[in-house]
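Visitor: Numbering (the UniProt record's numbering), first residue to last: 1 to 688.
Please see the structure below; I have some questions.
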Amino acid sequence: MSRTALPLFDPALTRPALVDSFRKLTPRAQIKNPVMFVVYTVSVVATALWLQALFGQGEAPAWLIGTIALWLWFTVLFANFAEALAEGRSKAQAASLKGLKKTAHAKRLAEPRYGAKFTLVNADTLRKGDVVLVQASEVIPCDGEVIEGIASVDESAITGESAPVIRESGGDFSSVTGGTRVLSDWIVVRATVNPGETFIDRMIAMVEGAKRRKTPNEIALTILLVGLTLVFLLATATLLPFSLYSVQVSHSGSPIGMTVLIALLVCLIPTTIGGLLSAIGVAGMSRLMGANVIATSGRAVEAAGDIDVLLLDKTGTITHGNRQASAFLPASGASEATLADAARLSSLADETPEGKSIVVLAHRVLKLDGKDSVPAGATFVPFTAQSRMSGVNVGERHIRKGAADAIRRYVEAAGGEMPASVNAQVDQVATRGSTPLVVAEGNKVLGVVELKDVVKAGIREKFAQLRQMGIKTVMITGDNRLTAAAIAAEAGVDDFLAEATPEAKLALIRQYQAEGRLVAMTGDGTNDAPALAQADVAVAMNSGTQAAKEAANMVDLDSSPTKLIQVVEIGKQMLMTRGALTTFSLANDVAKYFAIIPAAFAATYPQLEALNVMGLTSPASALLSAVIFNALIIVALIPLALKGVKYRALGAGALLRRNLLVYGLGGILLPFVGIKLIDMILTGMGLV
Numbered sequence: 001m002s003r004t005a006l007p008l009f010d011p012a013l014t015r016p017a018l019v020d021s022f023r024k025l026t027p028r029a030q031i032k033n034p035v036m037f038v039v040y041t042v043s044v045v046a047t048a049l050w051l052q053a054l055f056g057q058g059e060a061p062a063w064l065i066g067t068i069a070l071w072l073w074f075t076v077l078f079a080n081f082a083e084a085l086a087e088g089r090s091k092a093q094a095a096s097l098k099g100l101k102k103t104a105h106a107k108r109l110a111e112p113r114y115g116a117k118f119t120l121v122n123a124d125t126l127r128k129g130d131v132v133l134v135q136a137s138e139v140i141p142c143d144g145e146v147i148e149g150i151a152s153v154d155e156s157a158i159t160g161e162s163a164p165v166i167r168e169s170g171g172d173f174s175s176v177t178g179g180t181r182v183l184s185d186w187i188v189v190r191a192t193v194n195p196g197e198t199f200i201d202r203m204i205a206m207v208e209g210a211k212r213r214k215t216p217n218e219i220a221l222t223i224l225l226v227g228l229t230l231v232f233l234l235a236t237a238t239l240l241p242f243s244l245y246s247v248q249v250s251h252s253g254s255p256i257g258m259t260v261l262i263a264l265l266v267c268l269i270p271t272t273i274g275g276l277l278s279a280i281g282v283a284g285m286s287r288l289m290g291a292n293v294i295a296t297s298g299r300a301v302e303a304a305g306d307i308d309v310l311l312l313d314k315t316g317t318i319t320h321g322n323r324q325a326s327a328f329l330p331a332s333g334a335s336e337a338t339l340a341d342a343a344r345l346s347s348l349a350d351e352t353p354e355g356k357s358i359v360v361l362a363h364r365v366l367k368l369d370g371k372d373s374v375p376a377g378a379t380f381v382p383f384t385a386q387s388r389m390s391g392v393n394v395g396e397r398h399i400r401k402g403a404a405d406a407i408r409r410y411v412e413a414a415g416g417e418m419p420a421s422v423n424a425q426v427d428q429v430a431t432r433g434s435t436p437l438v439v440a441e442g443n444k445v446l447g448v449v450e451l452k453d454v455v456k457a458g459i460r461e462k463f464a465q466l467r468q469m470g471i472k473t474v475m476i477t478g479d480n481r482l483t484a485a486a487i488a489a490e491a492g493v494d495d496f497l498a499e500a501t502p503e504a505k506l507a508l509i510r511q512y513q514a515e516g517r518l519v520a521m522t523g524d525g526t527n528d529a530p531a532l533a534q535a536d537v538a539v540a541m542n543s544g545t546q547a548a549k550e551a552a553n554m555v556d557l558d559s560s561p562t563k564l565i566q567v568v569e570i571g572k573q574m575l576m577t578r579g580a581l582t583t584f585s586l587a588n589d590v591a592k593y594f595a596i597i598p599a600a601f602a603a604t605y606p607q608l609e610a611l612n613v614m615g616l617t618s619p620a621s622a623l624l625s626a627v628i629f630n631a632l633i634i635v636a637l638i639p640l641a642l643k644g645v646k647y648r649a650l651g652a653g654a655l656l657r658r659n660l661l662v663y664g665l666g667g668i669l670l671p672f673v674g675i676k677l678i679d680m681i682l683t684g685m686g687l688v
């Protein structure tokens, strides 16, 4: 569930942004953006020339110098406004999070168990390792892990989702967040962070745009822009001596003035992208926050746009994840009733949807009524990622259910063997795209339980779009290879990893990275933490364990397995926006060249009047029109910088051609039209 976003130019955002635009008019703030620092510096120089002209010592009319100086300051202010507006949107998101940080009290326990004596303390005094009791209607005072109890928790303040969630000790749903509220029952929580390090504190720091660090690509682009600025600065500086020399030799004309050189420099350096670059990065993180995903840095968002391998869990991402038992397939020598009863007993303590569906199907087959009770003396064996099976021990009966290869090893260790007929049943079920669970009692295999899952509608088309962009999709599943292959073929993924273990996931990520690829994955459990820490883009579920959230560089507040695809799209959109506006900025210098050069050198080199293809009224009008257009184009592109260009599933080559056609050609043509229109307005108003 996404948060409601403020309108782009909402007064609550624009008023503080206007104030911040002026606050940023300090050398310390401006030097962070080298391109705009050059504009800032020449604005100061132009202002000094205007003051000189007021006392009759100007190289040009005071009104012309003053007007150019004014629009140069507007150029700086508009760039400041774009950045401040982007930061304002992030700060508005952060402000809503700060509202969650309310003073709360905590029941700190003397011993880590329910029923122990507690002391009522301020939540701010809790430290990592402290244990607290939280009961119904109380606010959870700290981030932590549930070590005892089970409770329904309202996390709507953080996730925006009104439906409560269950948090319990053990497993992958034991993590709780400070500021959320327990609705029923009780839990004992061990604090996992110190004050100031809570999840909400980190969320606030992450979305504060002013604290955002530049990403590697942004730094590289800044270096390119600085290089271009230096080239134009040196080229412009050499024009004055050439002009003086030409006038001296020809004994005609007049040399170029400092005001003209300043206007020429500002119009030729990449001020458009220079003024919007920071805003694009801040807006990218803001859009990610709008999707209820928190990134630890802009580097993570940018990496999402660069990734070329996506590791996706099958269950919940590619399929709906609600696998249901559909049939009992007994082995030779075993009846359906025997298989159903053994599967039922092994699933009585299994709280997963699959386990519950096995019990329901067994009731139907065995014609049982009422609720099952756990047999006396029964000991349940929980499922683990390593054993890949679960079961129950009731007296002399040792029943296990799980993946075919895991049950095979279990039976063989007990002195039995897997019948060929069961192997055939496993293959048939897997070929249909269902999941086979093999049930055994002792060293005897009883048969197969078929679990059906459904591939999500439209997921195949989504993977096709990712493939067009050069992104390889890999499905991760604990199923056997035949089942994985059937689901992979139906979903349209490029590859799959079957019978996945934490070690196998980690090895696969390292293999792709060794090939020079960037890998993204998602996870929620402690056993996912090593792979999340290794991946270039790692999205942890907010409902997952603290270990998973600490290992990842993004946290999905909605805990949606499919969110990783949206994260990639947001990252791609940020890179597309940056590339599009860079192309436009560099291209529109061409038109400004044709506006400024004839005006600047007409007095020195009359032949250059032939370049006045726009037919501008006068040199003064040409200078003013170009400078005004240069300032206004930044304002016009602020919505595009903040919203981002429209996301399109295109490869790098196709994207480059589109940018050159739309933003390159548009960047050349638009200034011709805009500068001419401004010239006509200035002339019509009699200002030049």
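Cβ coordinates follow ideal geometry from the N, Cα and C atoms, glycine included.
Within its chain, find whatever has a CB closer than 6 Å to the CB of glycine 88; leave out the 5 residues flanking it on each side and keep chain order.
Guide: Along the sequence shown, read from residue 1 onward, the residue named residue 88 stands at position 88. So the qualifying residues of the chain are Leu13, Pro16 and Ala17.
Visitor: Taking one C-beta from the stretch 262 to 269 and one from the stretch 60 to 72 each time, how about it: are there three or more such pairs within less than 8 Å?
Guide: With the cut-off at 8 Å, the stretch 262 to 269 and the stretch 60 to 72 touch.
Visitor: Measure the C-alpha to C-alpha separation of valine 153 and threonine 180 and round it to an integer number of angstroms.
Guide: The residue given as residue 153 occupies position 153 in the sequence shown. The residue given as residue 180 occupies position 180 in the sequence shown. Looking at the two C-alpha atoms, the distance is approximately 7 Å.
Visitor: For methionine 36, which three-state DSSP category applies?
Guide: Here residue 36 refers to the residue found at position 36 of the sequence shown. Helix.
Visitor: With C-beta atoms as the reference, is asparagine 33 less than 9 Å away from leucine 277?
Guide: Here residue 33 refers to the residue found at position 33 when the sequence shown is read from its first residue. Here residue 277 refers to the residue found at position 277 when the sequence shown is read from its first residue. In this structure, leucine 277 lies closer than 9 Å to asparagine 33 by Cβ.
Visitor: Suppose contacts are defined by Cβ-Cβ distances below 9 Å. Is alanine 187 in contact with leucine 109 by that definition?
Guide: By 1-based counting over the sequence shown, the position of residue 187 is 187. By 1-based counting over the sequence shown, the position of residue 109 is 109. Looking at the sequence itself, residue 187 is isoleucine, so the reference to alanine does not match. Not a contact, by the Cβ cut-off of 9 Å.
Visitor: Any idea what DSSP makes of residue 701, helix, strand or coil?
Guide: Given that the chain is displayed from residue 1 to residue 688, the structure contains no residue 701 and the question cannot be resolved.
Visitor: Would a C-beta distance cut-off of 9 Å place leucine 623 and leucine 64 closer than the cut-off?
Guide: By 1-based counting over the sequence shown, the position of residue 623 is 623. By 1-based counting over the sequence shown, the position of residue 64 is 64. Yes.
Visitor: Would you call glutamate 412 buried or exposed, if buried means 16 or more other Cβ atoms sit within 10 Å of its Cβ?
Guide: As a first step, residue 412 is located in the sequence shown; it is residue number 412 there, counting from the start. Glutamate 412 should be labelled exposed.
Visitor: Along the chain, where does the alpha helix (DSSP H) containing glutamate 503 start, and where does it finish?
Guide: Along the sequence shown, read from residue 1 onward, the residue named residue 503 stands at position 503. Run containing glutamate 503: 502 to 514, per the alpha helix (DSSP H) assignment.
Visitor: Look at glutamine 546 and glycine 144 and say whether their C-beta atoms are less than 9 Å apart.
Guide: Walking along the sequence shown from the start, residue 546 turns up at place 546. Walking along the sequence shown from the start, residue 144 turns up at place 144. Their beta carbons are under 9 Å apart, which means glutamine 546 touches glycine 144 by this criterion.
Visitor: Since proline 164 contacts alanine 104 with CB under 8 Å, what's their CB separation in whole angstroms?
Guide: Start at 1 with the first residue of the sequence shown, and residue 164 comes out as number 164. Start at 1 with the first residue of the sequence shown, and residue 104 comes out as number 104. Not confirmed; about 19 Å, so no contact.
Visitor: In or out: methionine 685 buried (at least 16 other Cβ within 10 Å) or exposed?
Guide: If you number the sequence shown from 1, residue 685 lands on position 685. Methionine 685 is exposed by the Cβ-count criterion.
Visitor: Does DSSP put valine 411 in a helix, in a strand, or in coil?
Guide: As a working note, residue 411 is residue 411 in the sequence shown. Reduced to three states, the DSSP call for valine 411 is helix.
Visitor: Answer yes or no: do alanine 403 and methionine 389 have a C-beta to C-beta separation smaller than 9 Å?
Guide: As a position in the sequence shown, residue 403 is number 403, starting the count at 1. As a position in the sequence shown, residue 389 is number 389, starting the count at 1. For alanine 403 and methionine 389, yes; Cβs fall inside 9 Å.
Visitor: Going by CA-CA distance only, name the one from Gly442, Gly305, Ser421 and Pro382 that's closest to arginine 409.
Guide: In the sequence shown, counting from the first residue as 1, residue 409 sits at position 409. Nearest C-alpha to arginine 409: Gly442.
Visitor: According to the neighbour-count rule (16 or more other Cβ atoms, all chains shown, within 10 Å of its Cβ), is serine 357 buried or exposed?
Guide: Within the sequence shown, residue 357 is the residue found at index 357, counting from 1. By the 10 Å Cβ count, serine 357 comes out buried.
Visitor: Closest to glutamine 573 by C-alpha separation, out of Thr125, Lys91, Val282 and Phe173, would be which residue?
Guide: Taking the first residue of the sequence shown as position 1, residue 573 is located at position 573. The shortest Cα separation from glutamine 573 among Thr125, Lys91, Val282 and Phe173 belongs to Val282.
Visitor: According to DSSP, simplified to helix, strand and coil, what is glutamine 468?
Guide: Position 468 of the sequence shown, counted from the start, is the residue given in the question as residue 468. In this structure, glutamine 468 counts as helix in the three-state DSSP scheme.
Visitor: Residues in the same chain with beta-carbon distance under 6 Å from alanine 649, minus the five sequence neighbours each way, listed in chain order, please.
Guide: Locating residue 649 in the sequence shown gives position 649, counting from the first residue. Same-chain partners within the cutoff: Gln465, Gln468 and Met469.
Visitor: Does DSSP put phenylalanine 629 in a helix, a strand or coil?
Guide: By 1-based counting over the sequence shown, the position of residue 629 is 629. Three-state result, phenylalanine 629: helix.
Visitor: From serine 21 to isoleucine 68, what distance separates their C-alpha atoms?
Guide: Counted from its first residue, the sequence shown places residue 21 at position 21. Counted from its first residue, the sequence shown places residue 68 at position 68. Roughly 19 Å separates the two Cα atoms.
Visitor: Let me confirm a value: alanine 210 is counted as buried when at least 16 other C-beta atoms fall within 10 Å, else exposed. Which label applies?
Guide: Position 210 of the sequence shown, counted from the start, is the residue given in the question as residue 210. Unreliable placement is indicated for alanine 210, whose pLDDT of 41 sits below 50; the coordinate value is still reported in the next sentence. Exposed.
Visitor: Going by DSSP, what residue range makes up the beta strand (DSSP E) through lysine 107?
Guide: Against the sequence shown, residue 107 aligns to sequence position 107. 105 to 109 is the extent of the beta strand (DSSP E) around lysine 107.
Visitor: Smallest Cα separation from leucine 85: which of Met680, Lys646 and Leu640?
Guide: For this step, residue 85 is matched to residue 85 along the sequence shown. Of the candidates Met680, Lys646 and Leu640, the one whose C-alpha sits nearest the C-alpha of leucine 85 is Leu640.
Visitor: Alpha carbon to alpha carbon, what distance is there between alanine 498 and glycine 416?
Guide: Position 416 of the sequence shown, counted from the start, is the residue given in the question as residue 416. Position 498 of the sequence shown, counted from the start, is the residue given in the question as residue 498. If I take the Cα positions, the gap works out to 25 Å.
Visitor: Is isoleucine 307 near valine 537, with beta carbons less than 9 Å apart?
Guide: Translated into the one-based positions of the sequence shown, residue 307 becomes position 307. Translated into the one-based positions of the sequence shown, residue 537 becomes position 537. Yes; because the gap between Cβ atoms is below 9 Å, this pair is in contact.
Visitor: Under DSSP, the alpha helix (DSSP H) around arginine 481 begins and ends at which residues?
Guide: Along the sequence shown, read from residue 1 onward, the residue named residue 481 stands at position 481. Where arginine 481 is concerned, the enclosing alpha helix (DSSP H) stretches over 481 to 491.
Visitor: Quickly, what does DSSP pair glutamate 148 with across the bridge? List them, please.
Guide: As a position in the sequence shown, residue 148 is number 148, starting the count at 1. BP columns for glutamate 148 point to Val188.
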